[in-house]
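Chains as they are written, first to last, in the numbering used here: chain W, 32 to 378; chain P, 6 to 231; chain R, 1224 to 1618. Positions of the beta carbon are idealized from the N, C-alpha and C atoms, including for glycine.
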Amino acid sequence: MFNVLALDIGWVTTLGIKTLIVLALVPLGALILGYTFLLKMMSHMQSRLGPMDPGGFHGWYQLVGDGIKFLQKEDIMPEQADRRVFALAPAVVVLSTFLVFVVIPAGPRIVVADLDVGVFYALAVSSLSVIGVLMAGWASANKYAVLGALRAAAQLIAYELPLVLAVVGVVIQTETMNLQGIVAFQHGGEIFGFGGLGFPLIVTQFVGFALFMVAAQAELTQPPFDMPVAESELVAGYMVEYTGFRFLFFFIGEFGTAFAFAGLAATLFLGGWAVPFVDPADNRLLWDIVGPLVLFGKVMFVAFLMFWARFTYPRLREDQLQALAWKWLIPIALINILATGVLKVAF
Amino acid sequence: MSPDAPDVVEEQPPALTEQAEEILSRLRTALGDGIVDDGGAYGGLILRVRRDAWLPAAEAGKGAGECDYLSFISAIDWMPAPALADEGSGDTSNPVQPRETTYGVTGSEGRFQVFAHLESTQRQRWGVTLKVDVDENDPRLPSWVGVYPGADWHERETWEMYGVVFDGHPSLRHLYLPHEFEGNPLRKDYPLLAREVKPWPGLVDVEPMLGDAADAAADADEASAE
Amino acid sequence: MTTTPPRELPEFDVDSTIYKHLADSQMNVELDTGDMILNIGPQHPATHGTLRLVVRLDGERVIAADPIIGYMHRGYEKLTEFRTYPQITTLINRIDWLSSFANEVPFIAGAELLMGIEAPPRALWIRTALTELSRIATFLLFLGEMGLQVGAITPAFYGFRDREYVLNLIEASTGGRFHPNFNRIGGIKDDLPWGWIADTRECMAKVLESCDTFEDLVVGNPIFEQRTRSIGIIPAELGAGYGVSGSNLRASGVDWDLRRDGNPHLPYDQLDWKVWTHPDGDSFARYWVRLQETRESARMVLQLIDGLPSGPIMAKVPRIIKVPAGEVWVNTENPLGEMGYYIVSKGATGPFRVKIRSASFSNVSILPWLLRGVYVPDVITILASLYFILGDIDR
């Protein structure tokens, strides 16, 4: 990744710099998503303005101010809480977010780790958050938290399957699990002989895209799947006893993971950092700058869809939610895989 | 009662409406001599029944009377209210109740009277108020829970506020007040604690509003004319 | 989607000693049955105020529920014995604070009956208009916040925004958004301000539009239907036996509305309107009935302001009001249900006994029966659909 600058930096320093970039990127992504969609888009959809004062211009500083506020709050732990588990739980949740960011490519040479099993790795580490949620709920010594954590565990495990199966269709079609390879496939491909637009996989994998979006919504415990944090019932569910910077971790985890899943969706289905007409081999330096911007644009589009559904729908009850996953999404995903496999061999 | 002479005071309660007459005749047939007295209140029917006819009255109301809806059950304490202000003191902010004990439309034998109102959801203006006297020294009544399930909470409230015990009620416990509360607040001899703590200020000097100046002048004229 | 109990539910047998203990115990009381006791409230976003619901859960299913009320008990019936009639008008505004104008009407009508005074027609029509405006205001809040309880955040904002228009109207005419204290024995306090009728026309058009929005956004939403259909069915006869009234009973198919079927205190018979019922009796039906009633009220207000008679707004009433001896029962159709006052007067300036029959008291008394065998999220849906106000329950 650093060969572009013709610098010869040792791998330790490279690792250090990459780590710092990911550590900075996750909260930044969370911030941008939170501000744009949670504060501004939601407000405008609800015919109100949202924050306007902090920072002068349409309140862009609001979340930064919220972050600082959270950092300086008192660290309260319930008396009967399991101290170590209570403290570790938010870290585990955020850990999985960081790990997903590692594989998402933002340019032809900009990726922290270009793994050959990129897709597999991303889906695997994203399910680590379930452990964190269970830890949080149990350690809080609060019945509402336990209820929320159990609901969350059931839901997150149930929706892992549609998530993974939706992506299998993509993998079958591109014959690779390497995310850079998937981007290259979409960039270089043709739709029915028309080479101009490339071949974003959403064209054939539209079912997969829909499934991925629904399952991602559930993985993030966002409405209509937010039973675990049902505000009007459990008052934040498994997070109810968390205050201050521990709550900030959960918040960053939620929105950071939203950014990560949107990034995955953009890469797998919408063509990632590549733009159809231009060949990145021509001007690599330009693409190192434009690539991330393109990816960012696609991420914002996908996130817009996710948050739009969030503000519109009421929440599904737990058993209805499970029924949706097991009785509808998984069979549809399996049929999708079958169809993809058959069509792949046939064409 | 025409708009030209609006301050005519009604001497007697108006006659019963058709529906009230109909209900009265049905309940008379059903209860017989369980009814002690009946009266009308602005078109509505009030029936005072004997204590042993209280539960049959509920059943009759639901059956022959076709009243499927229980509005409320509560009680009245006919003991005179404590004296708050003197008549003629000019203090209009405290109501002055008569000191002698009088009873309402259908009378009462003693101090406590439990009353309930039933209505019908199938007919128009079809309802009856049932009253029963309760013995002050042994305030017990049969419970209506078997006939109207809503009586549950109303009887709990009546027990809590007046001390009337309902036999057959599944669990007569406090509804509004804490578990260990002592006393029955709505009884007339239970003081209004807010007034004990701080006496009512009475008529307080306030800035008269624009219209009030003319009214105050008229009042002064009235007072000086008396 | 029916909810069948996973095991044989015990008959709801309230053991008084256990529940006495429950009523005053700390949050984490565990009985020896292995089920979990959960305290919903008194501080909880879903309980519309300080209602405490002690539920015994088996996993996510409710086995028994016991509502504990009284956190807002202000002792109104005792207070009325120490107040004069005009002072009581101020008090009873605060029983159902979302539609406070409607609380005053039955009491004032009762006092007027006892005194033999008839309010002039203009006063009665304005009273009706303001009552219907209060109904619209409180139902708009319901339409919004039931979506919120079920999980949809957005309708709540629309409900509050549209309610602001109606509250502006109420404030313009009475001076108070929440506690108008506008009725007087013999009529109303002031005439309508200039321009109010034109503003009301605009506002009712907005209300009708807003009801269409709610219909699209909430009623048409498949998830909302899944969450509310067949949840919390109140059978009509049982509901009447418990004293459930208002839209709740009409949603169970009972065609009973005190504006049409009760004593005529307000001129509803001179308007062209209809009573809405729904046969199902579930939470969806209760939402739907209130939506239709909001529209109907808006149309009624338009008729009222078109046909408003001219004349005085107050009958001639003595300066110091002494109500002659007698008893009267007056009940009206309040937004929450049937509200009534049984006034016993002994000829003084204040009443001897006032029994306040409030609608939510009876609506909530059905909860122990209604909540058996439902899931915890459904408890919230049912509470939201019954639409009670704590001030109305506790008085």
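Through-space distance from Arg1580 (chain R) to Pro183 (chain P), alpha-carbon basis: 22 Å
Below-8 Å beta-carbon distance, Val1442 (chain R) vs any chain W residue: no
Ala69 (chain P), enclosing alpha helix (DSSP H) - first and last residue: Careful: Ala69 (chain P) lies outside any alpha helix (DSSP H) and carries neither H nor E.
Per-residue DSSP class, three states only, for Ser79 (chain P): Looking at Ser79 (chain P) - three-state DSSP - the assignment turns out to be strand.
Minimum length 3: unbroken beta strand (DSSP E) runs contained in the stretch 238-320 of chain W: Within the stretch 238-320 of chain W, not a single complete beta strand (DSSP E) segment reaches 3 residues in length.
Inter-stretch contact at 8 Å, needing at least 3 Cβ pairs: the stretch 134-144 of chain P / the stretch 105-119 of chain P: yes
CB of Pro323 (chain W) within 8 Å of CB of Gly149 (chain W), strictly: No, these two residues do not count as a Cβ contact at 8 Å.
Span separating the alpha-carbon of Thr252 (chain W) from that of Leu301 (chain W): 24 Å
Proximal residues, the stretch 68-84 of chain P versus chain R, C-beta separation under 8 Å: Asp73, Tyr74, Leu75, Ser76, Phe77, Ser79, Ile81 and Asp82
Under the three-state DSSP convention, the category Val143 (chain W) falls into: coil
Reduced DSSP secondary structure (H/G/I, E/B, other) of Arg178 (chain P): Coil, per DSSP.
C-beta contact flag for Met337 (chain W) and Ala293 (chain W) at 8 Å: yes
Local Cβ density within 10 Å of Glu124 (chain P), reported as buried at 16 or more and exposed below that: buried
Test: Ile1292 (chain R) CB closer than 8 Å to a CB of chain P: yes
Reduced DSSP secondary structure (H/G/I, E/B, other) of His1244 (chain R): Caution applies to His1244 (chain R), whose pLDDT of 42 falls short of 50 and renders its modelled position unreliable; the model cannot decide the point.
Cβ distance (whole Å) where Phe117 (chain P) is taken to contact Ser148 (chain P) below 8 Å: With 8 Å as the limit, Phe117 (chain P) and Ser148 (chain P) do not qualify as a contact, their Cβ atoms being about 16 Å apart.
Euclidean distance between Cα positions of Lys1497 (chain R) and Trp1479 (chain R): Taken atom to atom, the span from the alpha-carbon of Lys1497 (chain R) to that of Trp1479 (chain R) is near 11 Å.
Beta carbon proximity, Thr343 (chain W) to chain R, threshold 8 Å: yes
Lys1301 (chain R) burial status per 10 Å Cβ neighbour count (16 or more: buried): Sixteen is the threshold: when 16 or more other Cβ atoms of the shown chains lie within 10 Å of the Cβ of Lys1301 (chain R), as they do, the residue is buried.
Counted within 10 angstroms of its Cβ, other Cβ atoms place Glu1253 (chain R) as buried (16 or more) or exposed: With a pLDDT of only 42 at Glu1253 (chain R), under 50, the local geometry of the prediction cannot be trusted, and the value read off the model is given with reservation. Exposed: under 16 other Cβ atoms inside 10 Å.
Local Cβ density within 10 Å of Pro1202 (chain R), reported as buried at 16 or more and exposed below that: Nothing can be reported for residue 1202 (chain R): it is not among the residues displayed for chain R, which extend from 1224 to 1618.
Interface flag, Phe1447 (chain R) vs chain W, CB-CB below 8 Å: It does; some Cβ of chain W falls within 8 Å.
Straight-line Cα distance separating Val376 (chain W) from Ala61 (chain W): Annotation: Ala61 (chain W) to Val376 (chain W) spans about 41 Å, alpha carbon to alpha carbon.
Cβ neighbour criterion (16 or more within 10 Å) applied to Met83 (chain W): exposed
4-residue-minimum alpha helix (DSSP H) runs that sit fully inside the stretch 38-68 of chain W, ordered along the chain: 42-64
Coil, strand or helix - Arg128 (chain P) by DSSP: In the structure shown, Arg128 (chain P) sits in coil (DSSP, three-state: anything other than H, G, I, E or B).
Three-state secondary structure (DSSP) of Asn189 (chain P): coil
His1488 (chain R) classed as buried or exposed, judged by whether at least 16 other C-beta atoms fall within 10 angstroms: buried
Simplified DSSP state of Leu1585 (chain R), which is helix, strand or coil: At residue 1585 (chain R) the sequence reads Ser, which differs from the Leu that was named. If DSSP states are grouped into helix, strand and coil, Ser1585 (chain R) belongs with the helices.
Ser158 (chain W) vs Glu110 (chain W) beta-carbon contact at 8 Å: Their beta carbons are not under 8 Å apart, which means Ser158 (chain W) does not touch Glu110 (chain W) by this criterion.
Proximity winner among R:Leu1440, R:Phe1380, R:Trp1348 and R:Gly1570, relative to Val1524 (chain R) (alpha-carbon distances): R:Trp1348
Alpha-carbon spacing of Lys71 (chain W) relative to Leu64 (chain W), whole angstroms: 10 Å
Environment of Trp1552 (chain R) [buried if 16+ CB atoms lie within 10 Å]: Burial call: buried.
Assigned exposure category for Asn1554 (chain R) - 16 Cβ within 10 Å defines buried: buried
The stretch 1428-1436 of chain R / the stretch 1514-1532 of chain R touching (three or more Cβ pairs under 8 Å): yes
Residue from W:Leu51, W:Gln186 and W:Asp145 whose Cα sits closest to the Cα of Val164 (chain W): Closest by C-alpha distance to Val164 (chain W), out of W:Leu51, W:Gln186 and W:Asp145, is W:Gln186.
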